[in-house]
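Structure, as structure tokens:
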Amino acid sequence: MSSATDTQPLVSLTGLSKTFDLSPPLLNRLIERKGRRTLRAVDALNIDIPRGKTFSLVGESGCGKSTVAKLVVGLHGATSGSITFDGTDLTRLAAADRGAFRKRIQMIFQDPYASLNPRWRVRDIIAEPLRSFGITSSKQEERAEVGRLLEMVGLSARDGEKFPHEFSGGQRQRISIARAISSKPEFLVCDEPTSALDVSVQSQVLNLMRDLQDELGLTYLFISHDLAVVDFMSDYVGVMYLGRLVEAGPAEQIFAAPEHPYTRLLMDTVPDISLGRRDRAPAIGEVPNPITPPPGCSFNPRCPLATQRCREQSPALAARSSGTVVACHAVTGEPAAGSRPGAGGAAGTGTGTVAQRQPERGVA
Amino acid sequence: MNTTTFPNSPLLSVRDLSICFDTRHGPLRAVDGITFDLAPGEILGMVGESGAGKSLTGTAITGLLERPGRIDRGEILFEGKRIDTLSAEEMRRLRGRRIGAIFQDPLTSLNPLMTVGQQLVQTIRTHLSLGKEAARKRAIECLAEVGIPAPEARIDQYPHQFSGGMRQRVVIALALCAEPSLVIADEPTTALDVSIQAQILDLLKKMCRERGAAVILVTHDMGVIAETADRVAVMYSGRVVEIGPVEKVVRDPRHPYTKGLMQSIPRVGSNALRLTQIDGAMPRLTDLPSGCAFHPRCPRAFAECKRTKPAALPVEGGHVACHLYQEEPV
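Protein chains in written order, with UniProt numbering: chain B, 1 to 364; chain S, 1 to 330.
Printed below as a string of structure tokens:
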């Protein structure tokens, strides 16, 4: 994975961080002598997403995976780091220049009940990007395009006349997919696109998303808490815990031989229909409060392998011979230089950023 | 029509239960003639898609069904006595004392303006004749039993001071503090993360086993059922399409819907290129197809499926409602 291939990754996140300021108002800080409080939702994330592939971020609620999605599409501004899309750093673009990229990056949201305007007809919902990006020039062209998009996602062109409430959850998610692909984007950010759906419908939507990827050559950033869904969808996986990547690499490798204790914990706790683990012992502890993360490795209070070193020193991501990167003292021994997950990326860029950032985190 | 024969008499017996909603456009039948028994101490999983009627069944058993919903047919027997005809006051005394309830969202099922201790003490004193001090002692014991660290300190905190997993532990403590013999758990872990979900399911299982309480576990997650329940009832469009021991239903499902459901669940490490999908969606109540409600989506439907609703037929260890098994297996 370290050898650079001829193609640049479509999307590169380098040292991407997002800090939310949760401080009390200035007056309270002065009168009550309260300090500033910040929450580091995303901490120095390095990810490469090759063109036409799916990179999945997986983790529990509060680990920062949705914040990454919002950063990438520009719904949040990054605190530091860069988001490189097809060679351009989006974080340095003026708002006016972002427009051109917005067309090329689209998003599918979790809840198809909240993400579609209930007062609009489906054809207007899907045509909105067409209109705002000026893709179609006439009403007739627009109608034909909307019909084509609807058929592409497995609905009929006549469904455009209906309102969202006339559709089931799965059909609504098809509508949001049709809207997302209407501006012919190259990159789709999918934030838990199937977690509001029933399983039998979930499989329809996941199959559709894979078909569209093959047909249109789409690149996905796929966010999910469901490991089985991630395994089905992904080429590359990044496991996040409290804002940081703890393990990342090719999906096959991660699922076959997870190394980080947290990845292993996640794998162990997925409810399984094979009936093989009815009497296993559940993992202990909960995700700590991200405002006051524990010192050292933030997973150490729950980790069965934690040592004194884990409580003092935060581990850096280190490359493994299997092609993955892992941030764990117990797995990697001596901390190695930071390395980047994902494939096809120039391995040199951004090396060390992870390691350099460590001291900023974990001071209680 | 006893689903499975148990040595002792059933704790709960639901017979031909139908729940109807009166609307301007006529009655809508959300639950359509479901029948099952629950043995003391047994964990029965109820699984189905949203709108299949699984939560409504639980609501009817706890007597919390609200207008315009009503039971229009059938009966619910608890410890041999009918409870669906009880007055609201009689039902209120039964609920909490003999039948506990755990709901999906621990934040909305706890009162945000009362401390956890106040809520526990109130519940304990409503159902058991204990003094204030004794009830508080009992409440602290309850919190300790559900694995809340430092219960003496935590008892005076408000729900918002607890994390999601800890809150659900409090809800379990509330449901079990009066030692009910039946617990209805409606999606108890759906709002929680997977690693917490495993803890809560384990706790629920342990607590109920220790006290001999039976559980109806309502969920949409077959994985949760497979790891927790003894028996499972699969619901579709208001009917139980298949019921039987978990191992049987998971390994060898009979009903085409159960088969499709089991195959459409993605699994870690399966390396599938495509997931098996059941085309279409569950029909709306306003637009139910004739005959078997699953026939428009069923890969094995034939003429009879459009005409008549299949009756529940006994199969090995359970029941299945499908015309395929009606005469001779096709």
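Note that the Cβ used here is the ideal one computed from N, Cα and C, for glycine as well.
Note that the coordinates shown come from a computational prediction; the quantities given were computed from them, not determined experimentally.
Listed along chain B, the residues sitting closer than 7 Å to S:D202 by beta-carbon distance are P282. Distance check between S:D193 and each of B:A330, B:P301 and B:P282 places B:P282 closest, using alpha-carbon atoms only. The count of Cβ pairs closer than 8 Å, one atom from the stretch 203-214 of chain B and one from the stretch 232-248 of chain B, reaches three, so the stretches are in contact. Per DSSP, the continuous beta strand (DSSP E) segment holding B:K18 begins and ends at V11 to D21. Beta-bridge annotation (DSSP): S:V14 is paired with S:F36 and S:I76. Taking B:T19 as the centre and dropping the five residues before and after it, the same chain places the C-beta of T38, L39, R40, A41 and T79 closer than 8 Å to its C-beta, in chain order. Going by C-alpha positions, B:P288 is about 31 Å away from B:S274.
Cα atoms of B:P24 and B:L16: separation of roughly 26 Å, rounded to the nearest angstrom. Sequence-distant Cβ neighbours of S:D22 in its own chain, meaning closer than 6 Å and more than five residues away, are P68.
The straight-line gap separating the alpha-carbon atoms of B:R51 and B:S224 is approximately 20 Å.
Taking the Cα positions, S:P289 is about 45 Å away from S:E210. Residues of the stretch 263-276 of chain S whose Cβ lies closer than 9 Å to any Cβ of chain B, in chain order: Q263, S264, I265, P266, R267, V268, G269, S270, N271, A272, L273, R274, L275 and T276. Residue environment for S:A272: exposed (fewer than 16 other C-beta atoms within 10 angstroms of its C-beta). Per DSSP, the continuous alpha helix (DSSP H) segment holding B:R311 begins and ends at Q308 to E312. In summary, B:N46 is buried, with 16 or more beta-carbon neighbours lying within 10 Å of its beta-carbon over all protein chains present. Under DSSP, B:T219 takes part in a beta bridge, and its partners are B:F187. Within the stretch 161-204 of chain S, complete alpha helix (DSSP H) segments of at least 4 residues are found at 164-176, given in chain order. Taking one beta carbon from each stretch, the stretch 206-225 of chain S and the stretch 184-193 of chain S have 3 or more pairs nearer than 8 Å; the two touch.
At a cut-off of 8 Å between beta carbons, S:H295 makes no contact with chain B.
Under the rule that a run must span 4 or more residues, the alpha helix (DSSP H) segments found entirely inside the stretch 117-202 of chain B read 122-132, 139-152 and 169-181. A direct Cα-to-Cα measurement between S:L77 and B:E247 gives close to 53 Å. Going by C-alpha positions, S:Y158 is about 30 Å away from S:D221. When the alpha-carbon of B:V325 is set against those of B:V239, B:C297, B:L266 and B:P193, the nearest one is in B:V239. Annotation: Cβ neighbours of B:I273 in chain S (cutoff 8 Å, chain order): M222, G223, A226, V250, M262, I265 and R267. About 19 Å separates the CB atoms of B:Q106 and B:S195; that is not less than 8 Å, and the two are not in contact. Contact check for S:R239 against S:V320 fails: the beta carbons are separated by 8 Å or more. In terms of beta-carbon proximity, S:I278 lines the interface with chain B, with at least one pair separated by less than 8 Å.
Close partners of B:V68 in chain S (Cβ separation under 9 Å) are lacking, with about 17 Å as the shortest Cβ gap.
Chain B places no beta carbon closer than 8 Å to that of S:S55, leaving this residue out of the contacts. Legend: CB atoms of the stretch 141-170 of chain B lying less than 7 Å from CB atoms of chain S belong to residues S168 and G170. Between S:S50 and chain B, the shortest Cβ-Cβ separation is below 8 Å.
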